[in-house]
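Under the numbering used here, the first residue of the sequence shown carries the number 12, and numbering increases by one thereafter.
Data block below; observations after.
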Amino acid sequence: MDRKLLDILVCPASRQPLALLDAAGLDALNAAIAAGSARREDGAAQAGPVREALITHDRKRVYRVDDGIPVLLVEEAISTGQIPDFPKA
């Protein structure tokens, strides 16, 4: 993802800065998706694995990135609180 774009992106709900999700976080997220336990904010299950994602500064909300385009819709965000093995930092 373009660094200049990443520097200006914020969470649409909390206005916190966003960062790229690290490999450990991505693995935990995809394990929860595969188990069927990862739900988006709108209540729908996340359909498929995530290749790249952005995370809020407080590590509570994840936004997927599809083909290099951040999907910054609050209803499509995934709360990390529902993922028991999600790394804290």
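The C-beta atom is built at its ideal place from N, Cα and C for all residues, glycine as well.
All values derive from a computational prediction rather than experimental measurement.
Task: DSSP-derived helix/strand/coil call for aspartate 78 - done: Reading the sequence shown from its first residue, position 67 is the one you call residue 78. Coil, per DSSP.
Open item on the list: Given this structure, state the Cα-to-Cα distance separating leucine 29 from alanine 58, to the nearest angstrom.
Closed with: Here residue 29 corresponds to residue number 18 of the sequence shown, with the count starting at 1. Here residue 58 corresponds to residue number 47 of the sequence shown, with the count starting at 1. So the alpha carbons of these two residues sit roughly 23 Å apart.
TODO: Please name the residue, chosen from Lys99, Thr91 and Pro98, that lies closest to glutamate 52 on a Cα-to-Cα basis.
DONE: Against the sequence shown, residue 52 aligns to sequence position 41. It is Thr91.
Open item on the list: For glycine 54 and leucine 17, what's the separation of their Cα atoms in angstroms?
Closed with: Here residue 54 corresponds to residue number 43 of the sequence shown, with the count starting at 1. Here residue 17 corresponds to residue number 6 of the sequence shown, with the count starting at 1. Using only the alpha carbons, I get a separation of about 27 Å.
Task: Element boundaries [alpha helix (DSSP H), containing leucine 40] - done: Counting from one through the sequence shown, the residue named residue 40 turns up at place 29. Secondary structure note for leucine 40: its alpha helix (DSSP H) is the uninterrupted segment 34-46.
Task: Boundaries (first-last residue) of the alpha helix (DSSP H) holding isoleucine 66 - done: Within the sequence shown, the letter at position 55 stands for residue 66. That residue, isoleucine 66, is in no alpha helix (DSSP H); its beta strand (DSSP E) goes 63-67.
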